[in-house]
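For the sequence shown, the numbering used here gives the first residue as 31, with consecutive numbering after it.
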Amino acid sequence: MSAETAVKAHQPRRTGRLRKPLLYTVASVGLLVMAAPFLWMALSAFKTRQDLTANPPVWIPSHWTLDNFTALLDQLDMPRYFLNSLIVAVLVTVCNLLFCSMLGYALAKLDFTGRSKVFGLVLIALMVPGNLMILPLYVLMNGMGLIDTYAGLVLPFAAGAFGVFLMRQFMQQVPDELLEAARLDGAGEWYIFWRIVMPLVKPALATLTIFTFLGSWNNFIWPLIATNDPDKYTLPVALATFANDPNRTVAGGNGMLMAGSLLVVLPVLAVFAVLQRHFTQGIATAGLK
31 MSAETAVKAH QPRRTGRLRK PLLYTVASVG LLVMAAPFLW MALSAFKTRQ
81 DLTANPPVWI PSHWTLDNFT ALLDQLDMPR YFLNSLIVAV LVTVCNLLFC
131 SMLGYALAKL DFTGRSKVFG LVLIALMVPG NLMILPLYVL MNGMGLIDTY
181 AGLVLPFAAG AFGVFLMRQF MQQVPDELLE AARLDGAGEW YIFWRIVMPL
231 VKPALATLTI FTFLGSWNNF IWPLIATNDP DKYTLPVALA TFANDPNRTV
281 AGGNGMLMAG SLLVVLPVLA VFAVLQRHFT QGIATAGLK
């Protein structure tokens with residue numbers, strides 16, 4: 031082998047060795063940029079007022095304190111707002127898991143008249159911006175007398191086009207032969223759905239759980255419109271109302287907002303931590319077929 035050939039053979043290896051550290055560096059910088067606002071919020075929740083107003087800004091609190099959380103609990107009925115958000119998010123998530131799975135199973139595995147048209151409507155619904163539906167939903171819920179009720183906060187989001195599409199794509203990957211064998215053994219559709227199909231689509235269920243819980247927990251526009259009674263406020267609405275309160279600076283300032291924002295984020299992080307393994311698997315395999 032000539033010297034020129036040897037140099038050419040080593041060039042790809044050298045390029046590969048240089049590329050990997052570069053990719054890691056770029057990914058680390060990107061992660062830092064994305065995580066910086068969250069880190070600032072989390073650290074600011076434990077800062078004193080002096081640290082919050084310091085110039086230049088102080089990242090690490092010079093004195094860690096829980097005064098912001100104490101003041102927040104004194105000024106706002108946080109247990110009530112937290113319970114409202116939890117009830118709405120859990121009910122919306124459970125309804126989506128049930129109804130989207132049922133419709134996804136029907137579209138993927140049952141042969142009925144108009145199946146393709148129903149799936150076409152699901153795809154069309156995916157393309158419609160959600161903000162366009164706020165006014166019709168309000169008129170409908172108001173006509174049904176569901177404003178300022180948990181039902182009015184849950185029913186408009188009890189099923190979603192994204193969830194139906196996701197479950198259909200996953201359930202299409204379940205072998206038809208497995209279902210036919212179950213039918214030959216005398217199993218009904220409900221048994222097949224609950225005992226065979228659902229255990230096989232756990233990654234999809236975990237993915238749908240995270241997206242639905244996150245969307246419902248952070249939903250702001252609809253709870254703001256559909257609730258007039260402060261006792262029915264969810265956490266985002268309560269914090270936004272407090273942020274616009276002219277007495278906020280006297281009560282505790284931005285530190286209380288940071289503490290409240292941290293409390294809003296923690297349940298979502300907990301759900302993601304529990305379902306992370308299934309979630310990543312679901313994202314990797316969604317829509318392959």
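Where is the CB? At the ideal position from N, CA and C, for every residue including glycine.
DSSP, reduced to helix, strand and coil, places Ile226 within a helical segment of the structure shown. In this structure the stretch 259–272 lies against the stretch 285–296, because at least three pairs of beta carbons, one per stretch, are closer than 8 Å. When the beta-carbon positions are compared, Val227 and Cys130 stay at least 9 Å from each other.
Between Met201 and Val231, the beta carbon gap of about 6 Å places them in contact (Cβ cut-off 8 Å). Assigned with DSSP and collapsed to three states, Leu176 falls in coil, not helix or strand. Between the alpha carbons of Asn85 and Thr78 lies a distance of about 14 Å. Counting only runs of at least 4 residues, the stretch 117–183 fully encloses the following alpha helix (DSSP H) elements, listed from N- to C-terminal order: 145–157 and 164–173. For the pair Thr100 and Val59, the Cα-to-Cα distance works out to about 35 Å. Across the set Pro109, Pro166 and Phe223, the C-alpha of Phe223 shows the shortest separation from the C-alpha of Lys139. Annotation for Trp247: the continuous alpha helix (DSSP H) segment containing it runs Lys232 to Trp247. Thr264 and Gly190 have their alpha carbons spaced roughly 21 Å apart. The DSSP-derived three-state label of Ile251 is helix.
With respect to the 9 Å criterion, Trp252 and Phe192 are not classified as neighbours on the basis of their beta carbons. Three or more beta-carbon pairs drawn from the stretch 164–172 and the stretch 253–261 are found closer than 8 Å, and the two stretches are therefore classed as touching.
Rounded to whole angstroms, the Cβ separation of Thr123 and Thr237 is 12 Å, and the two are not in contact under 8 Å. Around the beta carbon of Thr55, a 10 Å sphere encloses fewer than 16 other beta carbons of the protein chains shown; the residue is thus reported as exposed. Gln105 carries a helical assignment under DSSP once its states are collapsed to helix, strand and coil. Going by DSSP, Gly193 is part of the alpha helix (DSSP H) stretching over Ala191 to Met201. Ranked by Cα distance from Leu69, the options Val301, Val295, Val304 and Ala303 are led by Val295.
Residue nearest to Tyr221 within the set Tyr135, Asp104 and Pro51 is Tyr135 (criterion: CA-CA distance).
Assigned with DSSP and collapsed to three states, Asp259 falls in coil, not helix or strand. If the five residues before and after Val88 are omitted, its C-beta is found closer than 6 Å to the C-beta atoms of Asp81, all from its own chain and listed in chain order. Put simply, of Gly245, Gly150 and Arg145 the residue whose alpha carbon is nearest the alpha carbon of Val184 is Gly245. About 6 Å separates the CB atoms of Leu292 and Met71; that is less than 8 Å, so the two are in contact. Ala211 and Pro297 have their C-alpha atoms some 42 Å from each other.
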